[in-house]
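To start, the structure under review is shown below, and the notes come after it.
There are 2 protein chains.
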Amino acid sequence: MNRLQETTMITGEEIYRDLLKKITELEYMPGDALSENELCAAYKCSRHMVRDAFSRLKEKGLLEVYPHRGSYVSLIDLKQIEDILFLREAVETAAVSAIIRETDPGDLPELLAGAIEEQKTASAGAEADLPAYFRADDRFHGILLEKAGRASLYRLLEDEYIHLRRWRNLEIRTTRRIPALIQEHESIRDAVLHRDAAEASVLLHRHFDTLKFAASVDEGRDNSYFYKNQTEGERK
Amino acid sequence: MNRLQETTMITGEEIYRDLLKKITELEYMPGDALSENELCAAYKCSRHMVRDAFSRLKEKGLLEVYPHRGSYVSLIDLKQIEDILFLREAVETAAVSAIIRETDPGDLPELLAGAIEEQKTASAGAEADLPAYFRADDRFHGILLEKAGRASLYRLLEDEYIHLRRWRNLEIRTTRRIPALIQEHESIRDAVLHRDAAEASVLLHRHFDTLKFAASVDEGRDNSYFYKNQTEGERK
DNA sequence: TCTTGTATACTTGTCGACAAGTATATACAT
DNA sequence: ATGTATATACTTGTCGACAAGTATACAAGA
Numbered sequence: 015m016n017r018l019q020e021t022t023m024i025t026g027e028e029i030y031r032d033l034l035k036k037i038t039e040l041e042y043m044p045g046d047a048l049s050e051n052e053l054c055a056a057y058k059c060s061r062h063m064v065r066d067a068f069s070r071l072k073e074k075g076l077l078e079v080y081p082h083r084g085s086y087v088s089l090i091d092l093k094q095i096e097d098i099l100f101l102r103e104a105v106e107t108a109a110v111s112a113i114i115r116e117t118d119p120g121d122l123p124e125l126l127a128g129a130i131e132e133q134k135t136a137s138a139g140a141e142a143d144l145p146a147y148f149r150a151d152d153r154f155h156g157i158l159l160e161k162a163g164r165a166s167l168y169r170l171l172e173d174e175y176i177h178l179r180r181w182r183n184l185e186i187r188t189t190r191r192i193p194a195l196i197q198e199h200e201s202i203r204d205a206v207l208h209r210d211a212a213e214a215s216v217l218l219h220r221h222f223d224t225l226k227f228a229a230s231v232d233e234g235r236d237n238s239y240f241y242k243n244q245t246e247g248e249r250k
Numbered sequence: 015m016n017r018l019q020e021t022t023m024i025t026g027e028e029i030y031r032d033l034l035k036k037i038t039e040l041e042y043m044p045g046d047a048l049s050e051n052e053l054c055a056a057y058k059c060s061r062h063m064v065r066d067a068f069s070r071l072k073e074k075g076l077l078e079v080y081p082h083r084g085s086y087v088s089l090i091d092l093k094q095i096e097d098i099l100f101l102r103e104a105v106e107t108a109a110v111s112a113i114i115r116e117t118d119p120g121d122l123p124e125l126l127a128g129a130i131e132e133q134k135t136a137s138a139g140a141e142a143d144l145p146a147y148f149r150a151d152d153r154f155h156g157i158l159l160e161k162a163g164r165a166s167l168y169r170l171l172e173d174e175y176i177h178l179r180r181w182r183n184l185e186i187r188t189t190r191r192i193p194a195l196i197q198e199h200e201s202i203r204d205a206v207l208h209r210d211a212a213e214a215s216v217l218l219h220r221h222f223d224t225l226k227f228a229a230s231v232d233e234g235r236d237n238s239y240f241y242k243n244q245t246e247g248e249r250k
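Structure representation (structure tokens):
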């Protein structure tokens with residue numbers, strides 16, 4: 015707990031959003047202790063607002079509350095990250111399949127090209143803007159669902175993707191490996207535009223395997239940001 | 015609000031679970047008003063416990079809270095139901111693909127056969143046990159994910175499946191159409207055991223289309239259990 | 001020095017009371 | 001009879017205070 019700024023939050027909803035954002039963007043790192051008292055002092059509100067936000071964050075798996083001991087930002091569960099990557103691969107493969115099966119391209123080429131272009135500019139040069147790249151990356155995959163008529167599903171899965179984003183913010187802090195990801199995006203786009211569902215499926219599988227590999231590398235690291243071997247939620 | 019039994023709940027978690035169950039199992043119907051005061055009287059606890067449960071139910075999209083007016087059980091969003099069916103189809107197709115690609119059958123035949131057998135006994139005869147059938151149905155699909163090494167993903171998607179179960183409880187109240195669903199399960203099982211991924215994919219698509227059709231029929235119904243045309247959350 | 005018991009300073013859990021907004025019923029004027 | 005203003009009975013929103021459990025610091029005894 016530090017950097018408690020003098021914000022003037024009002025509603026419990028805003029407190030919840032603020033905490034959610036700070037956890038996702040690693041302002042509060044995995045394992046950090048969050049004190050109800052300090053937070054309600056920072057937000058200048060009563061503990062009930064903070065407790066309500068805590069309750070929801072706990073429900074989302076972003077906070078662990080140990081009664082009468084303290085509350086801590088959840089560690090990252092790499093098995094869960096792999097699950098969500100599997101989920102995304104499955105959903106986006108189905109979306110691409112639906113796009114190819116049911117509709118004509120429409121403005122899909124322009125949309126995908128725009129997202130890819132934005133990824134390149136955001137990740138290029140020394141003044142690379144990683145958050146901007148991540149947004150463009152999300153947009154690329156979002157376009158696929160939207161054009162499959164499943165934009166609302168993308169919103170529905172937001173809660174799961176939160177965990178993915180937090181891990182991504184922790185994992186990808188340089189632009190070193192981004193060009194390879196962009197190249198994979200271009201391959202996927204080409205397969206979709208050529209209406210080659212089988213090829214797109216293979217490329218999506220490979221794309222998410224690239225990320226799963228990164229997650230498996232984390233597995234071996236010995237820092238305090240990840241749960242170790244199924245012992246999730248066993249803080250002594 | 016009625017049938018308030020004299021339970022002796024204690025923790026807020028139990029209250030939340032109880033409300034969740036009663037909403038899912040339609041003891042509280044879509045649109046029903048839930049009063050904080052009446053509930054905390056029934057549970058013999060303070061309003062804070064109920065409010066905390068309300069906050070989480072709201073977050074899950076099962077309750078709509080209108081400040082200073084009242085709280086109501088969410089109506090069923092059929093677009094969301096279709097999204098979740100699309101999600102399940104995508105995930106289970108990917109799971110079947112993984113099963114066929116990566117592992118040998120193992121005890122998969124026995125497990126699937128057991129689940130199907132349970133579906134038949136639960137839905138047969140005049141004393142049919144629908145909840146038991148639903149559990150066996152869930153198990154069938156759960157086995158596919160488990161054998162693909164994604165049991166934890168199944169748990170992760172529980173929150174989305176809650177909405178599906180609530181709709182299912184409302185939609186399927188007789189055993190009339192269940193034999194067809196069981197037959198589809200048997201076809202899917204056969205395709206998986208014959209390691210025919212393409213056929214399994216087609217059959218899964220058809221299976222979920224059967225359910226999506228039921229959802230589209232609901233769309234035309236003129237009762238108060240469903241949101242009408244994207245106007246979700248517009249209660250005057 | 002080591003062990004043990006106790007006091008203390010934390011943490012989260014729960015409660016009652018009041019504030020504020022909304023809808024309805026009622027009395028009044030037209 | 002009808003439209004309007006007011007009073008009342010609800011609803012959810014917010015707060016301060018206290019209860020209860022945990023870990024730590026510290027002092028007393030072996």
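Quick note, the sequences are listed as chains A and B, same order.
In my numbering, each residue carries its 1-based index in the first sequence increased by 14.
In my numbering, each residue carries its 1-based index in the second sequence increased by 14.
Cβ coordinates follow ideal geometry from the N, Cα and C atoms, glycine included.
How long is the line joining the alpha carbons of residue 120 of chain A and residue 114 of chain A, rounded to whole angstroms?
Residue mapping note: residue 120 of chain A aligns to position 106 of the first sequence, counting from 1. Residue mapping note: residue 114 of chain A aligns to position 100 of the first sequence, counting from 1. So the alpha carbons of these two residues sit roughly 12 angstroms apart.
Check this for me: beta carbons of residue 178 of chain B and residue 102 of chain B, under 9 angstroms apart or not?
As a working note, residue 178 of chain B is residue 164 in the second sequence. As a working note, residue 102 of chain B is residue 88 in the second sequence. Cβ atoms of residue 178 of chain B and residue 102 of chain B: closer than 9 angstroms.
Whose C-alpha, out of A:190, A:183, A:222 and A:60, is nearest the C-alpha of residue 42 of chain A?
Locating residue 42 of chain A in the first sequence gives position 28, where the first residue counts as 1. It is A:183 whose Cα lies nearest to the Cα of residue 42 of chain A.
According to DSSP, is residue 78 of chain B part of a helix, a strand, or is it coil?
Position 64 of the second sequence, counted from the first residue, corresponds to residue 78 of chain B. Strand at residue 78 of chain B.
Report yes or no: do the region 143-153 of chain A and the region 187-204 of chain A share at least 3 C-beta pairs separated by less than 8 angstroms?
Taking 8 angstroms as the limit for Cβ pairs, the verdict is that the region 187-204 of chain A does touch the region 143-153 of chain A.
Rounded to the nearest angstrom, what separates residue 88 of chain B and residue 238 of chain B at their Cα positions?
Indexing the second sequence from 1 puts residue 88 of chain B at position 74. Indexing the second sequence from 1 puts residue 238 of chain B at position 224. The straight-line gap from Cα to Cα measures roughly 11 angstroms.
From which residue to which residue does the alpha helix (DSSP H) around residue 128 of chain A run?
Taking the first residue of the first sequence as position 1, residue 128 of chain A is located at position 114. Residue 128 of chain A -> alpha helix (DSSP H) spans 122-137.
Comparing alpha-carbon positions, which option in A:155, A:122 and A:192 lies nearest residue 134 of chain A?
Position 120 of the first sequence holds residue 134 of chain A. Checked all of A:155, A:122 and A:192; the closest Cα to residue 134 of chain A is A:192.
Could you tell me the distance, in whole angstroms, from the CA atom of residue 68 of chain A to the CA atom of residue 75 of chain B?
Sequence index remark: in the first sequence, residue 68 of chain A carries index 54 (1-based). Sequence index remark: in the second sequence, residue 75 of chain B carries index 61 (1-based). The straight-line gap from Cα to Cα measures roughly 18 angstroms.
From the DSSP secondary-structure annotation, give me the bridge partner or partners of residue 84 of chain A.
Here residue 84 of chain A corresponds to residue number 70 of the first sequence, with the count starting at 1. Answer by DSSP bridge pairing, in chain order: A:80.
Residue 130 of chain A: buried (16+ other C-beta within 10 angstroms of its C-beta) or exposed?
For this step, residue 130 of chain A is matched to residue 116 along the first sequence. With 16 or more other Cβ atoms within 10 Å, it is buried.
Out of curiosity, what's the CA-to-CA distance linking residue 73 of chain A and residue 29 of chain A?
Within the first sequence, residue 73 of chain A is the residue found at index 59, counting from 1. Within the first sequence, residue 29 of chain A is the residue found at index 15, counting from 1. Cα to Cα, the separation comes out at about 16 angstroms.
When DSSP labels each residue in this structure, what does residue 157 of chain B get in the three-state scheme?
For the purposes of this step, residue 157 of chain B is taken as residue 143 along the second sequence, with counting starting at 1. Helix at residue 157 of chain B.
Based on Cα-Cα distance, which residue from A:25, A:26, A:27 and A:34 lies nearest to residue 172 of chain A?
In the first sequence, the residue the question calls residue 172 of chain A occupies position 158. Considering only alpha carbons, the answer is A:34.
Quick check on the burial criterion: 16 or more other C-beta atoms within 10 angstroms. Buried or exposed for residue 82 of chain A?
The residue labelled residue 82 of chain A in the question sits at position 68 within the first sequence. Answer is exposed; the Cβ neighbour count stays below 16.
For residue 163 of chain B, which residues of its own chain have a beta-carbon under 6 angstroms away from its beta-carbon, when the five flanking residues on both sides are left out?
Counting from 1 along the second sequence, the entry for residue 163 of chain B is found at position 149. Answer for residue 163 of chain B: no residue qualifies.
Bridge partners of residue 47 of chain A, per DSSP?
As a position in the first sequence, residue 47 of chain A is number 33, starting the count at 1. A:86.
Would you please verify whether the beta carbon of residue 205 of chain A is less than 9 angstroms from any beta carbon of chain B?
For this step, residue 205 of chain A is matched to residue 191 along the first sequence. Not one chain B Cβ lies under 9 angstroms of residue 205 of chain A.
Taking C-beta pairs closer than 8 angstroms, name the residues in chain A that residue 92 of chain B reaches, listed in chain order.
One-based indexing of the second sequence puts residue 92 of chain B at position 78. In chain order: nothing, as chain A lies at least about 11 angstroms away.
If you draw a straight line from the alpha carbon of residue 107 of chain B to that of residue 186 of chain B, how long is it in whole angstroms?
In the second sequence, counting from the first residue as 1, residue 107 of chain B sits at position 93. In the second sequence, counting from the first residue as 1, residue 186 of chain B sits at position 172. Cα-Cα distance, rounded: 24 angstroms.
If residue 180 of chain B sits next to residue 40 of chain B, beta carbons under 8 angstroms apart, how far is it from one beta carbon to the other, in whole angstroms?
Locating residue 180 of chain B in the second sequence gives position 166, counting from the first residue. Locating residue 40 of chain B in the second sequence gives position 26, counting from the first residue. About 7 angstroms; that satisfies the 8 angstroms criterion.
Check for me: the alpha helix (DSSP H) holding residue 93 of chain A runs from which residue to which?
Position 79 of the first sequence, counted from the start, is the residue given in the question as residue 93 of chain A. Segment 92-116, the alpha helix (DSSP H) holding residue 93 of chain A.
To which residues of the same chain is residue 132 of chain B closer than 7 angstroms at the C-beta, ignoring the five residues directly before and after it?
Taking the first residue of the second sequence as 1, we reach residue 132 of chain B at position 118. So the qualifying residues of the chain are 150.
Using a Cβ-Cβ cut-off of 7 angstroms (strictly less than) and excluding sequence neighbours within five positions of residue 232 of chain B, which residues of its own chain qualify?
Within the second sequence, numbered from 1, the residue matching residue 232 of chain B stands at position 218. Once the five neighbours on either side are set aside, the close Cβ partners of residue 232 of chain B are 92, 185 and 240.
If we ignore side chains and look at the alpha-carbon of each, how far apart do residue 55 of chain B and residue 32 of chain B end up?
Locating residue 55 of chain B in the second sequence gives position 41, counting from the first residue. Locating residue 32 of chain B in the second sequence gives position 18, counting from the first residue. Residue 55 of chain B and residue 32 of chain B: Cα-Cα distance of roughly 15 angstroms.
Give me the residue from A:63, A:38, A:70 and A:99 with the minimum Cα distance to residue 167 of chain B.
Along the second sequence, one-based indexing puts residue 167 of chain B at 153. Measuring from the Cα of residue 167 of chain B, the nearest candidate turns out to be A:99.
When burial is assigned at 16 or more other CB atoms within 10 Å of the CB, is residue 38 of chain B buried or exposed?
Walking along the second sequence from the start, residue 38 of chain B turns up at place 24. So residue 38 of chain B counts as buried.
Select from B:61, B:97, B:60 and B:223 the residue whose C-alpha is nearest the C-alpha of residue 159 of chain A.
Translated into the one-based positions of the first sequence, residue 159 of chain A becomes position 145. Answer by Cα proximity: B:97.
Tell me which residues share the same chain as residue 176 of chain A and place their Cβ nearer than 8 angstroms to its Cβ, disregarding the 5 neighbours each side in the sequence.
Along the first sequence, one-based indexing puts residue 176 of chain A at 162. Around residue 176 of chain A: 34, 38, 74 and 76.
Distance, Cα to Cα, residue 225 of chain A vs residue 213 of chain A?
In the first sequence, counting from the first residue as 1, residue 225 of chain A sits at position 211. In the first sequence, counting from the first residue as 1, residue 213 of chain A sits at position 199. Each residue's alpha carbon lies about 19 angstroms from the other.
Since residue 240 of chain B sits in a beta bridge, which residues does DSSP pair it with?
Against the second sequence, residue 240 of chain B aligns to sequence position 226. Residue 240 of chain B is bridged to B:90.
Thinking C-alpha only, which one of B:189, B:161 and B:85 is nearest residue 136 of chain B?
The sequence position of residue 136 of chain B within the second sequence is 122, counting from 1. Here the closest residue by C-alpha is B:189.
Got a sec, what are the start and stop residues for the alpha helix (DSSP H) residue 69 of chain B sits in?
Within the second sequence, the letter at position 55 stands for residue 69 of chain B. Where residue 69 of chain B is concerned, the enclosing alpha helix (DSSP H) stretches over 61-73.
By Cβ distance below 6 angstroms, which residues in the same chain neighbour residue 142 of chain A in space, the five residues on each side in sequence not counted?
Within the first sequence, numbered from 1, the residue matching residue 142 of chain A stands at position 128. Within the same chain, residue 142 of chain A has close Cβ partners 189.
By Cβ distance, which residues of its chain are closer than 8 angstroms to residue 218 of chain A, with the 5 residues on each side in sequence left out?
By 1-based counting over the first sequence, the position of residue 218 of chain A is 204. Contacts found: 103, 106, 107, 110 and 202.
Considering residue 38 of chain A, what are the terminal residues of the alpha helix (DSSP H) in which it resides?
Mapped onto the first sequence, residue 38 of chain A falls at position 24. That run of the alpha helix (DSSP H) goes 26-38.
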